[in-house]
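Comments concern the structure below.
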Amino acid sequence: MKTTSLAHMAIKHGYNHLAEALYLSSGADLTKPVSFYALINERCNVKCRYCKFWRLPDYKPEMTIEQWQTALLSIRAFVGTYSINFSGGEPFLKPGFLDLMDFCRKNGIHSGVTTNGSTLNRKNAARLVETQPFNLNISCDAPSAELHDYLRGYPSLFERLVNGIRYVRDARDKAGLNFPIVIKTTVNAKNFRLLPEMVKWVKEVGATALNLQPLDRWTPETYDELWIEESDWPELARVQNTLIELKRAGEPIMNSETVIDQMVKHFREEKAPPEAMPCRVGMRDFFIRTNGDVQTCFYFPVIGNLTQQSAEQIWRGPVARKIRKETIVCQKLCLHTCLSQKTLRDKVKMGLILLRGR
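Heads up: the sequence shown begins at 762 in my numbering, then just goes up one per residue.
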């Protein structure tokens, strides 16, 4: 990850921070999206106990690679250089996905990807590195195979992702690149006690940083098995404090102290505390669904579709303006990495963690 790229992104986020303040104080809307997420597909080859995608009887239609290219250029025409993170499903199952990543590189778009690691063999790792990604996020829920493979419903997945990290690191180092490899962990009743150990494991396996995301209620298992219940909240609070101490000691945890400190509140299903208000996703997030639908938050309606409108038309349109007004008064406590509130200072700290760990 180039320092100049991070600096350029910091300038954009700084501008939008001022635009957000203006919008909140006067209603004048000069905001532009600064955080871009793309759900490339819903198809997946693993069976995570807290996910519904693999259980769906039908999948939403998917844009073609050509349609994705048009959509990405539309965003660039609106906001200039930007970064976008692709996820799924499992993105590597999408035919032509790595060609799309390469298209981003050739057109000055910083692209990253979140993967379960199942397809990161030597060939795919080398091809991924050729696209010069902005970041690589790998989902891992435990520092051992037994629990990780159980939660993900895929025998030998842990071994595959560990090997995949090594393959990517080898290809990355050979190419003289330094993009970060971030481990993303879904926090649940089965693994929360292991989170301090995950911090250590991340460094041992050669990754850059750890990013934690508490699960939401979505599947039967999240209700009857994986939700952290009241009897475990005191222990979760102790784990929170340990993680905050580790972060203050310089360990590579990307979540802000505020977000870490709110995990118990999340599992209590409390409303957002004053320090997390107002919600800002409507002023900064641009979430693209497989069929081109755009949302600022997946708890709110679609604001447009990139197969029918330009990115600017969507963002400046009446539906987006209406949703923006509604999101700033939303009191839901969101700790998803794409939705959790981040101050400008938080974003700078995240960038420094990635630079230190590269």
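Ideal Cβ placement from N, Cα and C applies to all residues, glycine included.
Note that the structure is a prediction, hence the values are computed from the model and not measured.
Provide the residue span of the beta strand (DSSP E) that contains residue i, from first to last.
i	result
residue 800	796-800
residue 845	844-848
residue 1005	Looking at the DSSP string, residue 1005 is not in any beta strand (DSSP E); the run it does join, the alpha helix (DSSP H), is 994-1009.
residue 897	896-900
residue 1055	1054-1056
residue 1049	1046-1049
Tell me the rounded alpha-carbon separation between residue i and residue j.
i	j	result
residue 1059	residue 945	20 Å
residue 779	residue 1056	22 Å
residue 1100	residue 1042	Because residue 1100 sits at a pLDDT of 49, beneath the cut-off of 50, its placement in the model cannot be relied upon, and the point is left open.
residue 967	residue 898	13 Å
residue 831	residue 910	38 Å
residue 768	residue 891	23 Å
residue 745	residue 990	Nothing about residue 745 can be reported from this structure: the residues present for the chain run from 762 to 1119 only.
residue 1081	residue 800	19 Å
residue 938	residue 820	36 Å
residue 985	residue 810	11 Å
residue 921	residue 882	8 Å
residue 777	residue 950	37 Å
residue 770	residue 843	7 Å
residue 923	residue 931	13 Å
residue 789	residue 1046	18 Å
residue 1064	residue 1076	8 Å
residue 925	residue 887	10 Å
residue 875	residue 1069	27 Å
residue 957	residue 1000	7 Å
residue 981	residue 838	43 Å
residue 953	residue 1096	15 Å
residue 894	residue 1049	19 Å
residue 960	residue 1021	14 Å
residue 993	residue 1074	47 Å
residue 902	residue 914	12 Å
residue 812	residue 1008	29 Å
residue 912	residue 977	15 Å
Near residue i, what residues of its chain come up, given a Cβ to Cβ distance below 6 Å and the 5 sequence neighbours on each side ignored?
i	result
residue 972	943, 945, 1015 and 1098
residue 877	807, 851 and 900
residue 823	802 and 1051
residue 865	872
residue 880	853
residue 1066	1053 and 1054
residue 829	861
residue 1018	1005
residue 1125	Because the chain spans 762 through 1119 in this model, residue 1125 falls outside it and cannot be assessed.
residue 1071	835
Applying the 10 Å Cβ sphere with the 16-neighbour rule, what's the burial state of residue i?
i	result
residue 1103	For residue 1103, the pLDDT reaches just 49, beneath the cut-off of 50, and the residue's location in the model is therefore unreliable, although a value from the coordinates is still provided. Buried, since its Cβ has 16 or more Cβ neighbours within 10 Å.
residue 781	buried
residue 936	exposed
residue 841	exposed
residue 1090	exposed
residue 933	buried
residue 979	exposed
residue 846	buried
residue 855	buried
residue 995	exposed
What first and last residue would you give for the alpha helix (DSSP H) that runs through residue i?
i	result
residue 1027	1024-1029
residue 863	858-867
residue 924	918-936
residue 909	906-913
residue 970	That residue, residue 970, is in no alpha helix (DSSP H); its beta strand (DSSP E) goes 970-975.
residue 835	826-840
Which whole-angstrom value describes the C-beta separation of residue i and residue j, a residue pair presumed to lie in contact below a C-beta threshold of 8 Å?
i	j	result
residue 1094	residue 1031	6 Å
residue 1028	residue 997	7 Å
residue 1038	residue 784	With 8 Å as the limit, residue 1038 and residue 784 do not qualify as a contact, their Cβ atoms being about 15 Å apart.
residue 849	residue 804	7 Å
residue 1003	residue 974	18 Å between Cβ atoms; not a contact.
residue 904	residue 834	Not quite, the Cβ-Cβ distance comes to about 41 Å (not below 8 Å), so this is no contact.
Using a Cβ-Cβ cutoff of less than 8 Å, which residues in the same chain neighbour residue i once the five nearest sequence positions on both sides are dropped?
i	result
residue 1034	1023, 1026 and 1094
residue 917	906 and 910
residue 869	837 and 842
Give every residue of the same chain whose Cβ lies closer than 7 Å to the Cβ of residue i, excluding the five residues on either side of it in the sequence, and list them in chain order.
i	result
residue 826	857, 860 and 861
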